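Going by the UniProt record's numbering, the sequence shown opens with residue 1, and the numbers climb by one from there. Take a look at the structure below.
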Amino acid sequence: MAHPPEPPFVAEERAGFDLNLSHGHRDLVQSVAFNAYGDRCATGAVDGKIRVFNRHKDGVWRLCDTWGAHGGETLELQWLPPTVYPNLLASLGGYGRFKLWAEDPSAAPGRRFSAGSSRTLSGKPAFETRSNKAPYRSFSIKHNEETRHTYLALLAADGSLSVYENDQPENLSEYTLIDDFAVAPKPARGEEVSFKVEFDPNPDPCYTALRAGVPTDSLAIVVAAMGTVKLYRSRDIITASYGVPQAQKEFYLAAEIGPGAHRGLVRDIAWAPGNVRGYDTIASACQDGYVRVFRVETPYDENDGKTWAAADLVRRETQNGGGAGAGAGGEALAAAIGPSHEKHQHQSGLSASLAKSGATAERQSSGQPGQVAHVVREVAKLDSHRTPVWRVDFDDDGQILGSTGDDGKLDGYVRVFRVETPYDENDGKTWAAADLVRRETQTGGGAGAGAGGEALAAAIGPSHEKHQHQSGLSASLAKSGATAERQSSGQPGQVAHVVREVAKLDSHRTPVWRVDFDDDGQILGSTGDDGKLVFYRQTPQGAWAKSSELGMLKTRMATPS
1 MAHPPEPPFV
11 AEERAGFDLN
21 LSHGHRDLVQ
31 SVAFNAYGDR
41 CATGAVDGKI
51 RVFNRHKDGV
61 WRLCDTWGAH
71 GGETLELQWL
81 PPTVYPNLLA
91 SLGGYGRFKL
101 WAEDPSAAPG
111 RRFSAGSSRT
121 LSGKPAFETR
131 SNKAPYRSFS
141 IKHNEETRHT
151 YLALLAADGS
161 LSVYENDQPE
171 NLSEYTLIDD
181 FAVAPKPARG
191 EEVSFKVEFD
201 PNPDPCYTAL
211 RAGVPTDSLA
221 IVVAAMGTVK
231 LYRSRDIITA
241 SYGVPQAQKE
251 FYLAAEIGPG
261 AHRGLVRDIA
271 WAPGNVRGYD
281 TIASACQDGY
291 VRVFRVETPY
301 DENDGKTWAA
311 ADLVRRETQN
321 GGGAGAGAGG
331 EALAAAIGPS
341 HEKHQHQSGL
351 SASLAKSGAT
361 AERQSSGQPG
371 QVAHVVREVA
381 KLDSHRTPVW
391 RVDFDDDGQI
401 LGSTGDDGKL
411 DGYVRVFRVE
421 TPYDENDGKT
431 WAAADLVRRE
441 TQTGGGAGAG
451 AGGEALAAAI
461 GPSHEKHQHQ
471 SGLSASLAKS
481 GATAERQSSG
491 QPGQVAHVVR
501 EVAKLDSHRT
511 PVWRVDFDDD
521 GQILGSTGDD
531 GKLVFYRQTP
541 QGAWAKSSEL
551 GMLKTRMATP
561 S
């Protein structure tokens, strides 16, 4: 008996992204982090060592550096944006020490992050901190490209959250505490704890939040504290230092997902990038085996007298003299943030209108100026793992969600958008595939020959039962005239469509030549004789409003000399 032929040899094609590497750790890998470009990977192990790998042009990952970062396990890792120089890597150890590592590009590979005199010594971090009360269990870093401010959030095991700010990227060792408050009661001794914190990854709040009164520079943090998930947002307050009013950020509880939504400890949370649709998306990984997805919205008053123009949504910063925080600038700052507080019936005066919350309060939203109500609702409850879920995260577009659990599997979920189409609810059909999908029946030579013609007529016949036409294929499928304009005359197979104008945009005020949508159908772009590329964004009500504008310059290629 002849052996079956062997499959032809296929040359190995190196994928554009392949991370099947030997990490080299002598213990269990606890955390992994990629940079924004996906060409650098950092791994942290239980033995406290961190290893950094670089992906070269040939697609091979090679070791860049390894050093002892912590005395215990490495809980979390995070890269700062590549726009910050030098490259920074943040890590959190099992004993609650947070460290920030700076790369020395001039050093040889293997010595770029570690500053010790030998490979056995630990590296020297650029910044280090720990809590004197309880060890830190989670951290998150956010960098504002416009202001060049870096924000650091540290969540301790006793439920206290500390937020730091660095306004000088050149000085990595100076972080100022801007707020410190409790997100949950202190757990009892011996109780299993679970804490996680993450900043909003989007550069700005969504446009509905701006319409509701959230400042453009507002910070948002989502916290998983034991069995609850809480969302905090910052508001601007005024504090007096040596008699001079200064602006400061204070966090308040904008929304809370109580213990009733989760039937166990919340192990991880994730905030989806891409809030261009006017709402935010948050996912949680719970010990009860479910991955839950929540939608966060900010209701606004349609009769607030505002439009979707940038002038109404973006707060204008006003500075006098030395800045908004000095002298008359304090009044300028109060005037700048005042319009969002007009609807609050508080007494006039800076101290009353911008009152600071108590240090021991839980920062509940009590209707104070600058506090915007948020609404959270569950949109998905995924039980693919059927075991405790430990990690959850979104991709860079916020369209794909991944999770891992005790089953040892990585599950990926994709967002599905609903498209509403009018139909007759009394058509006698259900949502089963047998009623929605037309069944193709073939007999003999095909559905269009011989008895197949009758089979085709039977396949499409049920949709024509309500039409009072004579029986027979020629009558039920009468062909339109060749010279007719093919008007919809109610013949079988013709479905009525309804078209209505939802927007009439005149931003160009000149002849328009090109128009196109993005891949999600949420952003519309157009170009015209004015030489501008104008973008429009769809509002939650379905209307379209101008979001941004780009000017195009005419260029000419120089002839080679």
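Even glycine gets a Cβ: it sits at the ideal position worked out from N, Cα and C. Remember, predicted model here, so these are calculated numbers, not experimental data.
Could you name the residues of the same chain whose beta carbon sits closer than 7 Å to that of S547, not counting the 5 residues immediately before and after it, in chain order?
F535, Y536 and R537
What separation, rounded to the nearest whole angstrom, lies between the Cα atoms of P185 and W67?
Distance from the CA atom of P185 to the CA atom of W67, rounded to whole angstroms, is 37 Å.
Put R51 into one of helix, strand or coil per three-state DSSP.
strand
What does DSSP give as the partner residue(s) for G145 in the beta ladder?
Note on residue identity: the sequence assigns Glu, not Gly, to residue 145. Paired residue(s): none; E145 is not in a bridge.
Of the residues T539, D383, K381 and A272, which one's Cα is nearest the Cα of F394?
A272
Local Cβ density within 10 Å of A102, reported as buried at 16 or more and exposed below that:
buried
Compare the beta carbon distance of T527 and R514 with 8 Å and say whether it is the shorter of the two.
A Cβ-Cβ contact shorter than 8 Å links T527 with R514.
When the Cα of R189 is compared with those of P201, A157, Y207 and T216, which residue comes out closest?
A157
Give the DSSP-derived three-state secondary structure of T208 in the structure shown.
helix
Evaluate the contact criterion for the stretch 132 to 140 versus the stretch 92 to 100: three or more CB pairs, one atom per stretch, below 8 Å.
yes
Taking the C-alpha atoms as reference points, what is the distance between S140 and L161?
11 Å
Residue range of the unbroken alpha helix (DSSP H) whose run includes D516
Unbroken run through D516 is the beta strand (DSSP E), V512 to F517; no alpha helix (DSSP H).
D435 - DSSP class collapsed to helix/strand/coil
helix
To which residues of the same chain is A90 closer than 6 Å at the C-beta, ignoring the five residues directly before and after it?
So the list reads Q78, L100 and I141, once near-sequence residues are dropped.
Return the residue from the list A270, K429, W431 and Q491 that minimises the CA-CA distance to W390.
A270
Within 10 angstroms of its Cβ, does A259 collect 16 or more other Cβ (buried), or is it exposed?
In the sequence as displayed, the identity of residue 259 is Pro instead of Ala. Classification for P259: exposed.
Does DSSP put A69 in a helix, in a strand, or in coil?
coil
Could you pull out every residue in the same chain whose Cβ sits closer than 6 Å to the Cβ of A380, ignoring the five residues on either side in sequence?
V293
Range covered by the alpha helix (DSSP H) that runs through D312
A310 to L313
Considering only their Cβ atoms, is the gap separating D397 from S403 smaller than 8 Å?
no
In terms of residues, what are the limits of the beta strand (DSSP E) holding V32?
V29 to F34
With DSSP as the reference, label E103 as helix, strand or coil.
coil
Alpha carbon to alpha carbon, how far is E549 from L533?
6 Å
Closer than 7 Å: N426 CB and nearest the ligand ZN heavy atom:
Ligands are entirely absent from the displayed structure, and the ligand ZN is therefore not among its contents.
Quick one: what does DSSP say H469 is sitting in, helix, strand or coil?
Low confidence applies to H469: its pLDDT is 47, below 50, so where it sits in the model is not reliable enough to give any reading.
Span of the beta strand (DSSP E), counted from its first residue to its last, around A220
A220 to A225
For L80, which residues from the same chain have a beta carbon less than 8 Å from its beta carbon, with the 5 sequence-adjacent residues on both sides left out?
Around L80: N87, L88, L89, A90, I141, H143 and T150.
Look up P109 in the DSSP assignment and say whether it is helix, strand or coil.
coil
For D518 and L505, I'd like the C-alpha separation in whole angstroms.
Going from the Cα of D518 to the Cα of L505 covers about 17 Å.
Check whether the Cβ atoms of D288 and R267 lie closer than 8 Å to each other.
no
Less than 7 Å between C-beta atoms, sequence neighbours within five positions excluded: which residues of the same chain meet that for A359?
In this prediction, A359 scores a pLDDT of 46, lower than 50, which makes its location untrustworthy; the coordinate-derived value is nonetheless stated afterwards. Closer than 7 Å at Cβ, skipping near neighbours: no residue.
Assign S106 to buried or exposed, taking buried as 16 or more other Cβ atoms, counted over all protein chains shown, within 10 Å of its Cβ.
exposed
Report the CB separation of R295 from R377 in whole angstroms; it is logged as a contact under 8 Å.
6 Å
Determine the direct distance from the alpha carbon of V414 to that of V495, and round the result to whole angstroms.
Using only the alpha carbons, I get a separation of about 31 Å.
Distance between V46 and E128 (C-alpha atoms, nearest Å)
20 Å
Could you tell me the alpha carbon to alpha carbon distance between L28 and G110, rounded to whole angstroms?
A direct Cα-Cα distance of roughly 21 Å separates L28 from G110.
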